[in-house]
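The next block holds one structure in the form of structure tokens; read it before the comments.
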Amino acid sequence: MVNFSVRLKTLIVTVTGDIDQHNAASLREQIDLRISHENVKRLVFDFSKLDFMDSSGIGIIIGRYKLMATLGGKVAIVVTKPTLRKLLELSGVQRIVHICDSLSDAMKAA
Amino acid sequence: MNNNIEIKFLSKSENESFARTVIAAFIAPLDPTLEEMADVKTAVSEAVTNSIVHGYASASGYVYMDCSIDGDTVTIIVKDNGKGIADIKQAMEPLFTTNTDGERSGMGFTVMETFMDTVDVESITGVGTKVTLTKQIGKNRL
Chain X
6 MVNFSVRLKT LIVTVTGDID QHNAASLREQ IDLRISHENV KRLVFDFSKL
56 DFMDSSGIGI IIGRYKLMAT LGGKVAIVVT KPTLRKLLEL SGVQRIVHIC
106 DSLSDAMKAA
Chain L
8 MNNNIEIKFL SKSENESFAR TVIAAFIAPL DPTLEEMADV KTAVSEAVTN
58 SIVHGYASAS GYVYMDCSID GDTVTIIVKD NGKGIADIKQ AMEPLFTTNT
108 DGERSGMGFT VMETFMDTVD VESITGVGTK VTLTKQIGKN RL
């Protein structure tokens, strides 16, 4: 399940439930559609209510980073669960996106 | 504690969450921490996804999961009769992926190796792949 909101030219993508290969394509399409419709400069993934993510989510993050980079924008991620943070750091995405503990930090970082 | 279950399911992506639910229920009696539980679920999700996306690709077949508990160690064997892996060493390199148009990250085996204690891969081209994952639960407990 995904919810969108726009605040200060930032698209906030809040994902609940699971991110795996089964729902990755649909999630990707929904996010890309929103990015193309909204005139946003930044993207924040709010994963604080996410139950589960595997490496399919890493592909989504890297793909959206590339998309936002072409628009001159930045990406930040809100993460509260240790395993999710471990997965993100293992992939090295912290070199290209900001990993934050809270939405307010992510809004400042992105 | 000793226990064993065997399940098989079709190589449909909706069965990835089924496999995670099964392993979570199976290891629950070992009283894993939330992090240990998430580690095992993530590793299983990666192994099952590999069988579905790479093993069977567009074809359909069964994925087999054999889960055992021996004392405080869980062993999970994920097996398919798919196309197999031609070069296991290359497949296990971080960021390597044969799927270039689907935004696969190529992190599957790296995730399994990081989140589990051991990962063993056997594969024969045209016959299938068998991934064996083990993890001791509660080793950081006082």
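Chains X and L are the protein sequences, given in the same order. For our numbering, count along the first sequence from 1 and bump the result up by 5. For our numbering, count along the second sequence from 1 and bump the result up by 7. Cβ coordinates follow ideal geometry from the N, Cα and C atoms, glycine included.
| Which residues in chain X sit within 7 Å of Ser-52/L, going by Cβ to Cβ distance? | Asp-25 and Asp-59
| Cut-off 8 Å between Cβ atoms - residues of its own chain near Asp-38/L, not counting five sequence neighbours on either side | Ile-144 and Gly-145
| message | Rounded to the nearest angstrom, what separates Met-114/L and Ser-65/L at their Cα positions? | response | 21 Å
| Assuming Val-18/X contacts Ile-66/X under a Cβ cut-off of 8 Å, what Cβ separation, rounded to an integer in Å, is found between them? | Contact flag wrong, Cβ pair sits at about 10 Å.
| request: Would you verify that the beta carbon of Thr-19/X is, or is not, closer than 8 Å to some beta carbon of chain L? | output: no
| query | What are the boundary residues of the beta strand (DSSP E) that Ile-24/X is part of? | reply | 22-24
| message | For the stretch 76-83 of chain X against the stretch 98-115 of chain X, do three or more pairs of beta-carbon atoms, one drawn from each stretch, fall closer than 8 Å, so that the two count as touching? | response | yes
| task | In angstroms with no decimal places, state the Cα-to-Cα distance between Ser-61/X and Met-112/X. | result | 24 Å
| message | If you measure between the beta carbons of Gly-22/X and Ser-112/L, is that distance less than 8 Å? | response | no
| task | Name, going along the chain, the residues of the stretch 93-107 of chain X whose beta-carbon falls closer than 7 Å to a beta-carbon of chain L. | result | Leu-95 and Ser-96
| Interface residues of the stretch 40-74 of chain X facing chain L [CB-CB below 9 Å] | Phe-57, Met-58, Asp-59, Ser-60, Ser-61, Gly-62, Ile-63, Gly-64, Ile-65, Ile-66, Ile-67 and Gly-68
| Would you report the Cα separation of Gly-41/X and Leu-95/X, rounded to the nearest angstrom? | In the sequence as presented, Gly is not what sits at residue 41/X; that position holds Ser. Spanning the two alpha carbons is a distance of roughly 30 Å.
| query | Cα separation between Leu-76/X and Asn-57/L? | reply | 33 Å
| task | Determine, using beta carbons only, whether Phe-46/L comes closer than 8 Å to chain X. | result | Reading the sequence as shown, one finds Asp at residue 46/L and not Phe. True, the Cβ-Cβ gap to chain X drops below 8 Å.
| Contact between the stretch 71-81 of chain L and the stretch 19-39 of chain L (3+ Cβ pairs under 8 Å) | yes
| How is Thr-25/L classed by DSSP in three states: helix, strand or coil? | Residue 25/L is actually Phe in this sequence, not Thr. Helix at Phe-25/L.
| task | Could you check if Ser-10/X is buried or exposed, using at least 16 other CB atoms within 10 Å of its CB as the buried criterion? | result | exposed
| request: Can you grab the Cα-Cα spacing for the pair Ile-131/L / Glu-42/L, in whole Å? | output: 34 Å
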